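Here the sequence shown is numbered in the numbering used here, starting from 1326 and rising by one per residue.
Report on the following structure.
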Amino acid sequence: MSTPTPPMPPFRDSRLPFGKRIDDLMARLTLEEKTGFLHQFAPAVERLGIAAFRTGQEALHGVAWMGPATVFPQAVGLGATWNEELVRRVGDAVSKEVRAMRALDDRVGLNVWSPTVNLLRHPLWGRNEEGYSEDPKLTSAIATAYTRGLRGDHPVYWRTAPVLKHWLAHNNETGRDTSSSSVRPRVLHEYDLRAFRETVEAGAVAGVMPAYNLVNGRPNHLSPYLGEHLRRWTEEDLLVCSDAGAPSNLVDSEHYFDTHEEATAAALRAGVDSFTDHGTDSSKIIARVRGALDRGLLTEADIDAAVRRQLSVRFRLGEFDGDGAYDEAGAFDTPEHRALAREAAEQAIVLLKNDGLLPLAPDTRVAVVGLLADECKLDWYSGTLLHRSTPLDGLYERFGAERVVFAEGVDRVRLKTSAGTYLHVPAADDAPATAPGAEGALDPALLTGRTDLPPLTTGAEGTELALVDWGEGVLTLRAPDGRYLSVADDGFLRASADQPGGWIVQETFRLEPHGDGHLLRHLGTGRHVCVAADGVKVADADPEVFELVVAERGEEAVSRAAAEADVVVVVAGNDPHINGRETEDRPTLRLPAHQERLLRAARAANPRTALALVSSYPYALDPAALPAVLWTAHGGQAAGTALARVLAGDVSPAGRLPQTWYADDADLPDLLDYDVIGGRQTYLYFEGTPLFPFGHGLSYTSFSYTDLRGRAEDGAVRVSFTVTNTGDVTADEVAQLYTRAADPSVPRPRRELAAHRRVTLAPGESAELSFTVPLSSFAFWDVAHGRWRREPGPYELLAGASSEDIRLRETLTLDGEPAAPRPVAARGLEAACFDEHGGIAIVDRAKVSGDAVTPAADGGTGELLYRRCDFGTGVTRVTVEAAGEGTVEVSLDGGPARAVLSASPGTPAAGPYDYTALDAGFTAEGVHDLRLTLRGRVRLARVGFLA
C-alpha cells in the first residue's frame, strides 16, 4: 500500500495570489525562524524546504564582485547617454547575466543593490561615478529604465529585484556616517525625494537602501520618510535593506542610542527589513533582536511586518514555485551583450569642444599619450573584465599600428637608499595572477594582498620604476613587468598588484621631504618604508631616507611622440580607486599636476592636440588652447574601441553632460551644504558661468529647431517642436525641453528639465517631437501651507540643445492657486518651514520624527525668515517650544526685536529633546514678514501666537 502524497501547502500553490501564500507561510514560521530572516544572510528553513537567501548583489553597471561579467560604462556614463531605451537594454542584459551566473553559483543573489539615484549635487563627491545626474528628472528617467531592465518583462515574476541606493540626501564621503545633511522642506520635496519617488512610482523597484549619513540630525536608517513617503508611493511591498555596518553605526559612531538593542528596534520600527551587518555572521543581529523583544522594545508584529516584505520579494522572484517558475534562460557574455557594451560606451562620449580637429581623417598619424592612454580602468562596483579595450587598442585597431605612436607619460625613476643602493624588484616565479578569492568575492574589501611573491630588496643597480602622481601627492609605483608596488598583511613591499584597488588601497604612496631626501609613506597603512635585512617593508620605526633619481620625465616621452604625429590625443583622467571614490571625496576640480604637465608638453610639441578626459567626474580646466576636448566616464570593456570610433567619425558623438562642469573650485558650495536653493547649486539655480553647462554636448553635424508649440489641456501641457539635421552626417541629437516660472513669488529654478528625447536623424531629415508635461511639474512645495502649489501666471517653454543653448521659447499662462499668507495666528508655524535662513541647521525634534532648527555653528547665531505671516486682527503673545540654552529674538519686517525669549535646561540632566514652552509679550496684526534670530545652543521646534 503506497503512502499518500502529502497535500501541497498553500504557500507552494502558484494558483493563489502572493498575499495569501505569504499569509500561509508566515503562519508556519516560528518566531525564531522569522528573527533569522532579518539578517542579510537569512538561513534555510529545512523543515519547510525553504532555501537560504541573501539580500544584496552589486550590479551598478554589470554584475560585480562575482568574477568575470560584461562591464558596461559607469553609471554617470549611462546618465550621459540621455537614452532610456539603451539603459533599459543594459539593465536587461545585466539581469540576464545575474540569472546565468546564479545557475552556476548560488552565491550570486537576485536581489540587486542598484541603481544609485543619489543626485550629483556636488562634483567633488567621491561617489560621483555611481549616480546618473544632478537633475532629478533625468536621474529618475535613467533609473526607471535600468530598473525595468533589471526587473524583466515577465507578467508575474521578476528576473531580479532592484533596490535603489542610497536613501537620502547623500553626497559626501567625508564623515559620511556622522555628518547630517540639513535639508529644508522645499529641497526635500522638490529635489532629493523626487528622483526616488518617480522611479518607485514607475513600478519596477523592489526596495531601497538607506544611506550612512543623517538627515536633519536623524540617521537615515531611522528615517520617518520611509513610512511617510516611500511606502505610500506604491502598493507593492518594498524591502528596505540596511547599508553594510550601518545598524551598528547607530551606537558605535553616531552614538544615537546607548545600546544596540534600542538601535536595532528603532531601525526595525522605522522600516528597515534586512540588516547588513557583521558580514555573514547573523548571530549579533539576532541577539540584538531577541534582546529588544525581551525588553519590550519590539513586538512579534514588528518582526512580522519586516519578514513579510522580504518574503514578498522572494515570491516575486519565483523562489517558491520551482525551477520552471521563471522559465527564461539567462544569458552571459553573448555577442549581443558585447555589442551593447560598445554601443553604450559610444553613446556616453561627450564632445565638449571642437574647432574642426575632429573627426580624424583615415590617414592621420596619431600620437596617443597620457596616463590613461593604455588603460581600461575598473571601479569598486565593476565586474572582472572578460574583454578589454584601451584607447591605444582602439586606435591601433582603427588606424593601424603603423600610424599610431604611444607614450604613457610616467616618470621613470629609481629610489636610492642612504647606503647608496637602490630598491630592487626581484624576478618572480610563475604564480597565480590574482589574490586568493578574487575570482568571485562576495565582498572584495575582505581580500588580502599576495604574499606568494618575493619582497623588494636593494641592490647596486636597482629597478627603474614608473611613477605616477595622481594628484595631491598620491603616487603609484610600477615595476617593469607592469605590476604595482603593494603592501600585504605581512608588511612587505612586493610588485604584486595588477592595478591599484581594494577597500583600503595598498598601492599608493607619498614622498615626504626629509633632509636632503624623502621618506616614502605607504598610505594604506600610514607607515613609512624601511629597509631591513629580510626585505623592504613598512614599519613604525627606522624609516629609510630615499633620493629620487629621475631617468626620464613623462613630458619628455610625450613631447617626442607628439612631434612625430599629425594629431595628438592626450588621454587624461582618474583612477577610480584613487583621489575620489567611496570613502574619499575629492579636494579639488583641478586636473592633477602630473597630467597638466603632460598636456602642456603635448600642446607645445604639436598644437593639433585633442584632450580626451576619461573620468568619474568633472574637471576644471582651461580649454582655450585646445582645438578639441572630449569626456567620457570609464566606459567598461569596450571603452577604447568606442573612443577610437568617435575620434575617427564612424560615430558622431551625442553624449550630453548629466551635470554642470564648473570653471573653478570657487564656484562650488561647501560639500556639506545641501541647500541647493539657498546655495544656488546645480544648473537649476547656479547664476555663474559654467565651464560647460548641464546638457551640453556637440556633434559632427548641426541641427535646427523650429515650430515650438505648447498648449494646456487635460491636466497637462502638450509641447511639440521640430528638429532637423542640417548637416551632412547621420547623427543623434538630444533634444531638451525646459520650463521656467517667469514671475515666481519664491525662488524657482532658472530653468528645469521637463523632458528630453534622443533621436537619430539622417542629413536633411526632420522629426517632430511631442511631449506631455503634467501640470504638476509646474508646482513647487509651498512651505507656508505644507503642500504642492502651482502659481497662476506666465511660464516659459524652452527648447534647445542644452540648458544654456536654448533655440526656441514660448510663454504660456497657466491657472493655479494664488499665494496666501501664512495663517500663523490660527496655526502657528513649524520652525523648519522657513522661507530663507542664514547660519541655520535643521536637526531632529525627536528621535522618531519631526524637525527643529538650531544655529549651525555650535553656540553661534542663526536667522530665519518667514514671509507674509498673517497675524489676523491681532496677537498679544508669542510662544515657542525650545530646548537647550540660548535666546530666540522675534522681529517684524526687518525691525528691532519685539520679544526675546530665553531658554535654559529645566534640569541638569535635560537633553536636546526636552522641550519647554516659553512665552512673552508680542503684538502684531495684519500681514508681515517674521524674522527669528537664534543665539546659543537653543533648538527651536515651533512658534505660536496668542490673541
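Even for Gly, the Cβ is constructed at its ideal location relative to N, Cα and C.
Just so you know, these numbers come straight off a predicted model, no measurement behind them.
In angstroms, rounded to a whole number, what distance separates the CA positions of Arg-1372 and Val-1632? Mapped onto the sequence shown, residue 1372 falls at position 47. Mapped onto the sequence shown, residue 1632 falls at position 307. Those two C-alpha atoms are separated by around 18 angstroms.
According to DSSP, simplified to helix, strand and coil, what is Val-1799? What you label residue 1799 is simply residue 474 of the sequence shown in a count that begins at 1. In the three-state reduction of the DSSP assignment, Val-1799 falls in the coil class.
Three-state secondary structure assigned by DSSP to Gly-1849: For this step, residue 1849 is matched to residue 524 along the sequence shown. Looking at Gly-1849 - three-state DSSP - the assignment turns out to be coil, as it is neither helix nor strand.
Flag Thr-1624 as yes if its beta-carbon sits less than 8 angstroms from any beta-carbon of chain E, otherwise no. No chain E is present in this structure, which holds just one protein chain.
Throw me the rounded Cβ distance for the Leu-2273 and Pro-1684 pair, which I believe falls under 8 angstroms. As shown, the chain starts at 1326 and ends at 2272. That puts residue 2273 outside it, with no answer to give.
Below 6 angstroms CB to CB, which residues in the same chain sit around Pro-1978 once its five sequence neighbours on both sides are set aside? For the purposes of this step, residue 1978 is taken as the residue at position 653 of the sequence shown. Excluding positions up to five away in sequence, the list reads Ile-1674, Leu-1676 and Val-1971.
Among His-1839, Glu-1797, Thr-1783 and Ala-1864, which residue has its Cα nearest to the Cα of Val-1812? Within the sequence shown, residue 1812 is the residue found at index 487, counting from 1. Check the Cα spacing between Val-1812 and each of His-1839, Glu-1797, Thr-1783 and Ala-1864: the tightest is with Ala-1864.
Sorted by chain position, which residues of the same chain lie with C-beta nearer than 6 angstroms to Lys-1421's C-beta, five sequence neighbours on each side aside? Translated into positions along the sequence shown, residue 1421 becomes position 96. Around Lys-1421, the same chain offers Gly-1655 and Ala-1656 as residues with beta carbons nearer than 6 angstroms, after the five sequence neighbours per side are excluded.
Does the beta-carbon of Val-1875 have 16 or more other beta-carbons within 10 angstroms, so that it is buried, or is it exposed? In the sequence shown, residue 1875 corresponds to position 550, counting from 1. Around the beta carbon of Val-1875, fewer than 16 other beta carbons sit within 10 angstroms, so the residue counts as exposed.
So what does DSSP say about Ala-1763, is it helix, strand or coil? Taking the first residue of the sequence shown as position 1, residue 1763 is located at position 438. Low per-residue confidence applies at Ala-1763: pLDDT is 46, beneath 50, and the placement is therefore not dependable enough to give any value.
Please work out which residues of its chain come closer than 8 angstroms, Cβ to Cβ, to Glu-1410, disregarding the five sequence neighbours upstream and downstream, and give them in chain order. To locate residue 1410, count along the sequence shown from 1; it is residue 85. Residues of the same chain with a CB within less than 8 angstroms of the CB of Glu-1410, apart from the 5 flanking positions on each side, are Ala-1470 in chain order.
Which two residues bound the contiguous alpha helix (DSSP H) that contains Gln-1635? Against the sequence shown, residue 1635 aligns to sequence position 310. Boundaries of the alpha helix (DSSP H) harbouring Gln-1635: 1625-1641, taken from the DSSP string.
Mind checking Pro-1805: buried by the 16 CB within 10 Å criterion, or exposed? On the sequence shown, residue 1805 is found 480 positions in, with the first residue counted as 1. Counting every other CB atom within 10 Å of its CB across the protein chains shown gives Pro-1805 a total below 16, marking it as exposed.
Grab the span of the alpha helix (DSSP H) containing Gly-2118 for me, first residue to last. The sequence position of residue 2118 within the sequence shown is 793, counting from 1. Per DSSP, Gly-2118 lies in no alpha helix (DSSP H) segment; the continuous beta strand (DSSP E) that holds it begins and ends at 2118-2125.
Straight-line CA distance for Ala-1937 to Pro-1440? Taking the first residue of the sequence shown as position 1, residue 1937 is located at position 612. Taking the first residue of the sequence shown as position 1, residue 1440 is located at position 115. Ala-1937 and Pro-1440 have their C-alpha atoms roughly 27 angstroms apart.
Which residues in the same chain as Glu-2142 place their Cβ atom closer than 6 angstroms to its Cβ, once the five residues preceding and following it in sequence are excluded? Residue 2142 sits at position 817 when you count from the first residue of the sequence shown. Here Glu-2142 has Arg-2114 as same chain residues with Cβ atoms under 6 angstroms from its own Cβ, once five neighbours each way along the sequence are excluded.
Check each candidate in Asp-2169, Gly-1570, Arg-2082 and Leu-1916 and name the one with the smallest Cα separation from Asp-1947. Working through the sequence shown from its first residue, we reach residue 1947 at position 622. Considering only Asp-2169, Gly-1570, Arg-2082 and Leu-1916, the residue with the shortest C-alpha distance to Asp-1947 is Leu-1916.
Out of Arg-1906, Ala-1926, Ala-1428 and Asn-1538, point me to the one whose CA is closest to Gly-1827's CA. Residue 1827 sits at position 502 when you count from the first residue of the sequence shown. Out of Arg-1906, Ala-1926, Ala-1428 and Asn-1538, Arg-1906 has the C-alpha closest to the C-alpha of Gly-1827.
Sheet register partners of Trp-2113 (DSSP bridge): Position 788 of the sequence shown, counting from 1, holds the residue named residue 2113. Paired residues: Trp-2106.
Keeping to the same chain, check which residues put their C-beta closer than 8 angstroms to that of Thr-1783; ignore five residues upstream and five downstream. Residue numbering aside, residue 1783 sits at position 458 when the sequence shown is read from its first letter. Hits under 8 angstroms: Thr-1742, Ala-1744, Thr-1746, Tyr-1747, Leu-1748, His-1749, Val-1856 and Val-1861.
Residues near Val-1730 in its chain [Cβ-Cβ closer than 7 angstroms; skip 5 each side]: By one-based count along the sequence shown, residue 1730 stands at place 405. Excluding its 5 nearest sequence neighbours in each direction, Val-1730 has C-beta neighbours in its own chain below 7 angstroms: Ala-1692, Ala-1886, Glu-1889 and Ala-1890, listed in chain order.
To the nearest angstrom, report how far apart Pro-2018 and Arg-1803 are at their CA atoms. As a first step, residue 2018 is located in the sequence shown; it is residue number 693 there, counting from the start. As a first step, residue 1803 is located in the sequence shown; it is residue number 478 there, counting from the start. Using only the alpha carbons, I get a separation of about 38 angstroms.
What does DSSP give as the partner residues of Cys-1566 in its beta bridges? Stepping through the sequence shown from its first residue, residue 1566 is reached at position 241. Looking at the DSSP assignment, Cys-1566 forms a beta bridge with Ser-1599.
Cβ-based neighbour list, Arg-1427, same chain, cut-off 8 angstroms, excluding 5 preceding and 5 following: The count along the sequence shown starts at 1 and reaches residue 1427 at position 102. Here the set comprises Val-1433, Gly-1434, Leu-1435 and Gly-1655.
C-alpha gap between Asn-1904 and Arg-1639, whole angstroms: What you label residue 1904 is simply residue 579 of the sequence shown in a count that begins at 1. What you label residue 1639 is simply residue 314 of the sequence shown in a count that begins at 1. If you take the alpha carbons of Asn-1904 and Arg-1639, they lie about 39 angstroms apart.
When you compare each of Ala-1820, Ala-1670 and Glu-1877 to Ala-1732 by their alpha carbons, which one comes out closest? What you label residue 1732 is simply residue 407 of the sequence shown in a count that begins at 1. Of the listed residues, the one whose Cα sits closest to Ala-1732 is Glu-1877.
Would you call the CB atoms of Gly-2187 and Leu-2255 closer than 8 angstroms? By 1-based counting over the sequence shown, the position of residue 2187 is 862. By 1-based counting over the sequence shown, the position of residue 2255 is 930. No.
Simplified DSSP assignment, three categories, for Met-1426: Taking the sequence shown and counting its residues from 1, the one referred to as residue 1426 is at position 101. Met-1426 sits in a helix when the DSSP states are folded into three classes.
Specify the secondary structure class of Arg-1906 as computed by DSSP and reduced to three states. Numbered from its first residue, the sequence shown carries residue 1906 at position 581. Here DSSP, grouped into helix, strand and coil, assigns Arg-1906 to strand.
For Ala-1617, collect the residues of the same chain with a Cβ closer than 7 angstroms to its Cβ; drop the 5 residues on either side in sequence, then sort them by chain order. In the sequence shown, the residue the question calls residue 1617 occupies position 292. Counting only residues of its own chain and dropping the five nearest sequence neighbours on each side, Ala-1617 has a CB closer than 7 angstroms to the CB of Glu-1586, Thr-1589, Ala-1590 and Leu-1623.
Integer Cβ distance of Asp-1646 from Ser-1339, believed to fall under 8 angstroms: The sequence position of residue 1646 within the sequence shown is 321, counting from 1. The sequence position of residue 1339 within the sequence shown is 14, counting from 1. 5 angstroms between Cβ atoms; contact.
Pick from Pro-1952, Ser-2229, Ser-1941 and His-1919: whose alpha carbon is nearest that of Thr-1934? By 1-based counting over the sequence shown, the position of residue 1934 is 609. The candidate whose alpha carbon is nearest that of Thr-1934 is Pro-1952.
Considering Pro-1716, what are the terminal residues of the alpha helix (DSSP H) in which it resides? Translated into the one-based positions of the sequence shown, residue 1716 becomes position 391. Note, Pro-1716: alpha helix (DSSP H), 1716-1724.
Supposed close pair Ala-2157, Asp-2169 - CB separation, criterion 8 angstroms: Here the question's residue 2157 lines up with position 832 in the sequence shown. Here the question's residue 2169 lines up with position 844 in the sequence shown. In this structure Ala-2157 is not in contact with Asp-2169, their Cβ atoms being roughly 10 angstroms apart against a cut-off of 8 angstroms.
On a Cα-Cα basis, can you pick out the residue from His-1447, Ala-1425, Ala-1352 and Glu-1357 that is closest to Gln-1984? Taking the first residue of the sequence shown as 1, we reach residue 1984 at position 659. Comparing Cα positions, the closest option is His-1447.
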